[in-house]
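A.B. asks: The numbers in UniProt numbering rise by one with no breaks, and the one at position 99 of the sequence shown is 99. For glycine and all other residues, C-beta sits at the position ideal for the given N, C-alpha and C. For reference, the structure I am asking about is given below.
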Amino acid sequence: MSLGIRAEADELDELYRDPVYDGATDPTVVIADGEWWMFYTQRRATHPDPGPGVAWVHGSRIGVARSDDGVSWRYTGTLEPDAGGLTLEPGPPPLHVDVTHWAPEVIHDGRRWRMFLTEIDGVPDRWPGFARTIVGYDSEDLRSWRRLGPLSLSSDRVIDAAVARTGEGLWRLWYKDEVADSVTMTASSTDLAEWMLEGVAIGGRPHEGPSVFELDGWWWMVVDEWRGMGVYRSVAGVGWHRQGGADAVILGPGDLPGGDIGNHGAAVRDGDDVWFYFFARPAGVAGGSGPAEDERRSAVYRVKLRVDEGILSTRSHPTAWQTVTGNTSEM
Numbered sequence: 001m002s003l004g005i006r007a008e009a010d011e012l013d014e015l016y017r018d019p020v021y022d023g024a025t026d027p028t029v030v031i032a033d034g035e036w037w038m039f040y041t042q043r044r045a046t047h048p049d050p051g052p053g054v055a056w057v058h059g060s061r062i063g064v065a066r067s068d069d070g071v072s073w074r075y076t077g078t079l080e081p082d083a084g085g086l087t088l089e090p091g092p093p094p095l096h097v098d099v100t101h102w103a104p105e106v107i108h109d110g111r112r113w114r115m116f117l118t119e120i121d122g123v124p125d126r127w128p129g130f131a132r133t134i135v136g137y138d139s140e141d142l143r144s145w146r147r148l149g150p151l152s153l154s155s156d157r158v159i160d161a162a163v164a165r166t167g168e169g170l171w172r173l174w175y176k177d178e179v180a181d182s183v184t185m186t187a188s189s190t191d192l193a194e195w196m197l198e199g200v201a202i203g204g205r206p207h208e209g210p211s212v213f214e215l216d217g218w219w220w221m222v223v224d225e226w227r228g229m230g231v232y233r234s235v236a237g238v239g240w241h242r243q244g245g246a247d248a249v250i251l252g253p254g255d256l257p258g259g260d261i262g263n264h265g266a267a268v269r270d271g272d273d274v275w276f277y278f279f280a281r282p283a284g285v286a287g288g289s290g291p292a293e294d295e296r297r298s299a300v301y302r303v304k305l306r307v308d309e310g311i312l313s314t315r316s317h318p319t320a321w322q323t324v325t326g327n328t329s330e331m
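Right, here's the structure in full:
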């Protein structure tokens, strides 16, 4: 069942396609001095020789695009590893790489920019058997990033960081732990360096890509369930309750051009507006047909979020609330 977010047609036009490999995924957007910056996984959808199996999903750099209005985007380059961390370099990445970067989370801590990046050594051609870590970086200008090192979390199979300062003033990190049945775990910190594990935030069916934000007096978490997005609500960023029943999703089948579903995204605030950027199959690419290369392509879209009578949506859509499995105690 899909409910909640169904935008006007012009809101769901493609906003961005990666000009190198046409595989822009996991977008996160920030606004700095009036300019919009998008950081995304530069998935190698059209690489001429990505390798066997799922190697095309690995070996990715972080692509960067910029915009004056959040709608019209221009490719800026990739974050290339160097001795100190990462540096924005114009043009395409190297054809052959030896590390995988996924799912950047970028926030401002009040003094400087922070990035929490999923890193995997090498270019795996299969899913199991490879450690995945979340690594911290900081930057003054969004171009040069100093590597701070990996976070000590619940396992060595952690990906997809989301970070926010919650109601009681603590920083919180939400992430997918593949060892813990691929659910969302959480940790808290006073300084974004040392993290105290807090256990399961969202349990139940496997999912990934949490995005956490405030809107209309509530905290919201949107997670990618590979069939649309599950939505959860909280008073203070702890103790989450699901919007709708166990099968309710937003950006599900039928909500996007071409019949695709929304995947891993993130919210950004622009004044009073909150926009949710996410990826899906390009509008002109039908699922289940055509060459494999076309099936791998992706595009970035966005929808404007609002809250109607306590329901996250872009239009009024009443539903019920359900307590989720996991840590549901309000603190």
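(1) Between the alpha carbons of Gly34 and Lys304, how many angstroms are there, rounded?
(2) By the three-class DSSP mapping on this structure, what secondary structure does Val231 have?
(3) Can you tell me which of the three DSSP states Glu89 falls into?
(4) Output the boundary residues of the beta strand (DSSP E) element that contains Arg306.
(5) Since Glu293 contacts Ala103 with CB under 8 Å, what's their CB separation in whole angstroms?
(6) Using the DSSP secondary-structure output, state which residues sit across from residue 345 in a beta bridge.
(7) On the criterion of 16 or more Cβ atoms from any shown chain inside 10 Å, does Ser72 qualify as buried, or is it exposed?
(8) In whole angstroms, what is the alpha-carbon distance linking Val29 and Val268?
(9) Grab the span of the alpha helix (DSSP H) containing Ala248 for me, first residue to last.
(10) What's the call for Arg111, buried or exposed, on a 16-neighbour Cβ count within 10 Å?
(11) According to DSSP, simplified to helix, strand and coil, what is Glu225?
(12) Assuming Glu14 is part of the alpha helix (DSSP H), what are its boundary residues?
(13) Determine the DSSP secondary structure at Pro50, reduced to helix, strand or coil.
(14) What does DSSP give as the partner residue(s) for His207 in the beta ladder?
C.D. replies: In short, the structure shows the following:
(1) 19 Å
(2) strand
(3) Reduced to three states, the DSSP call for Glu89 is strand.
(4) Arg306 -> beta strand (DSSP E) spans 299-308.
(5) With a Cβ gap of about 23 Å, Glu293 and Ala103 do not count as contacting.
(6) Nothing in the structure corresponds to residue 345, since the chain is present only between 1 and 331.
(7) exposed
(8) Between the C-alpha atoms of Val29 and Val268 there is a straight-line separation of about 6 Å.
(9) Unbroken run through Ala248: none, as it is neither H nor E.
(10) exposed
(11) coil
(12) From DSSP, Glu14 is part of no alpha helix (DSSP H); its letter is neither H nor E.
(13) coil
(14) According to DSSP, which records beta bridges pairwise, His207 is partnered with nothing at all.
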